[in-house]
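At position 185 of the sequence shown the residue is numbered 207 (my numbering), and the sequence of numbers has no breaks.
Glycine residues also receive a C-beta, built at the ideal position from the N, C-alpha and C atoms.
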Amino acid sequence: MRGLVLGLLACAALNGALRLPLPPPPPDPLGIRLRPEGAVETASLFALGMRRLAADLALIRLLVYYGTPEEPQEAPEPRPHEPFHPEHPERYWAGGRYPELGPRALRILDIDPFFSYAALYSAGALAFNVGRPEEALDLLRYALSRDPANVQYQATAAAIGFYRKGESESVIRLLGPLVESPDCPTMIKNMVAFLYKRSGRREKAIRLYREILEVSRDPGYREIARRNLRELIP
């Protein structure tokens with residue numbers, strides 16, 4: 023593995039030295055310019071035909087970005103709920119700015135148009151965690167323009183619309199099949215589990231919370247799952 027990494031870095035350096043043509047920067051339909059973090063590395067890997075590796079590295083950077091607490095703002099946006107609010111435990115991050123979240127996902131889709139996890143994760147975070155459903159829908163529209171047959175995008179976009187209207191049953195109907203996919207982000211599984219619990223579907227909620235506890239590496243969601251399982255299992 024170390025030899026592979028060193029080989030990739032050497033190839034990237036050689037690519038820069040030879041001044042190989044690099045792909046143009048991806049479009050930014052959300053109008054936010056990204057910092058050049060990792061841009062040279064990503065472009066080099068892309069030029070060498072390592073599209074998926076470049077997309078994987080970009081996703082790691084997105085997860086680190088969203089998982090890092092923001093610097094205090096002079097005038098922070100109102101937080102819709104405090105962390106672990108008893109009525110909204112699905113909102114793990116409970117607000118925030120994270121202005122680059124959508125554009126970073128768009129960059130990943132431009133590298134690999136079929137990397138659906140990045141789009142679903144970012145759309146879920148934007149719609150259900152930080153209170154920017156319109157941006158989430160813009161992201162999903164862009165994702166669908168690259169992969170129009172993706173039913174997960176279609177279901178998530180429709181669920182966001184129903185979630186905004188408070189129609190929980192419609193959200194469950196749309197996202198219920200999505201949580202069965204191994205690529206479904208934990209935040210969406212957690213939200214559906216919460217809706218199952220609130221609607222009295224105890225066994226389905228228990229199953230999802232157990233899955234989150236067993237599979238997720240996110241300590242926040244694991245703690246939410248533990249607490250809900252203690253409530254649901256006598």
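From the DSSP output, in three-state form, read off residue i for me.
{"i": "proline 125", "result": "helix"}
{"i": "arginine 7", "result": "The shown model of the chain, from 23 to 256, leaves out residue 7, and the question about it has no answer."}
{"i": "isoleucine 194", "result": "helix"}
{"i": "phenylalanine 150", "result": "helix"}
{"i": "threonine 178", "result": "helix"}
{"i": "proline 91", "result": "coil"}
{"i": "isoleucine 82", "result": "helix"}
{"i": "arginine 74", "result": "helix"}
{"i": "arginine 163", "result": "helix"}
{"i": "isoleucine 255", "result": "coil"}
{"i": "leucine 172", "result": "First, the amino acid is wrong: residue 172 is asparagine here, not leucine. Coil at asparagine 172, not helix or strand."}
{"i": "phenylalanine 184", "result": "helix"}
{"i": "leucine 44", "result": "At leucine 44, the pLDDT of 34 sits below 50, so the modelled position is not reliable and the matter cannot be decided from this model."}
{"i": "proline 135", "result": "coil"}
{"i": "glutamate 120", "result": "The sequence shown places tyrosine at residue 120, rather than the glutamate named in the question. Of the three classes helix, strand and coil, the one that applies to tyrosine 120 here is coil, per DSSP."}
{"i": "glutamate 157", "result": "helix"}
{"i": "isoleucine 246", "result": "helix"}
{"i": "arginine 220", "result": "helix"}
{"i": "glutamate 189", "result": "coil"}
{"i": "serine 144", "result": "helix"}
{"i": "alanine 215", "result": "helix"}
{"i": "methionine 209", "result": "helix"}
So, residue i versus residue j, is the Cβ gap smaller than 8 Å?
{"i": "tyrosine 175", "j": "leucine 162", "result": "yes"}
{"i": "leucine 84", "j": "alanine 127", "result": "yes"}
{"i": "alanine 80", "j": "isoleucine 130", "result": "yes"}
{"i": "leucine 217", "j": "tyrosine 231", "result": "no"}
{"i": "valine 152", "j": "tyrosine 120", "result": "yes"}
{"i": "leucine 259", "j": "serine 144", "result": "Within the shown structure, residues of the chain are numbered from 23 to 256, placing residue 259 beyond reach of any answer."}
{"i": "serine 190", "j": "serine 221", "result": "yes"}
{"i": "leucine 200", "j": "alanine 177", "result": "yes"}
What whole-angstrom Cβ distance do residue i and residue j have, given they're in contact under 8 Å?
{"i": "arginine 244", "j": "isoleucine 234", "result": "7 Å"}
{"i": "alanine 149", "j": "proline 155", "result": "4 Å"}
{"i": "leucine 197", "j": "alanine 215", "result": "Not really, about 11 Å apart at Cβ, beyond 8 Å."}
{"i": "alanine 77", "j": "aspartate 134", "result": "4 Å"}
{"i": "lysine 226", "j": "leucine 254", "result": "Actually they do not touch by this definition, with Cβ atoms about 10 Å apart."}
{"i": "aspartate 311", "j": "threonine 208", "result": "Because the chain in this structure spans residues 23 to 256, residue 311 falls outside the shown range and cannot be described."}
Is there a C-beta anywhere in chain B that falls below 8 Å from the one on residue i?
{"i": "cysteine 206", "result": "Absent from the structure is chain B; it holds one protein chain and no more."}
Notebook entry, point to check: Do the segment 176-196 and the segment 245-253 meet, that is, are 3 or more Cβ pairs less than 8 Å apart?
Noted result: no
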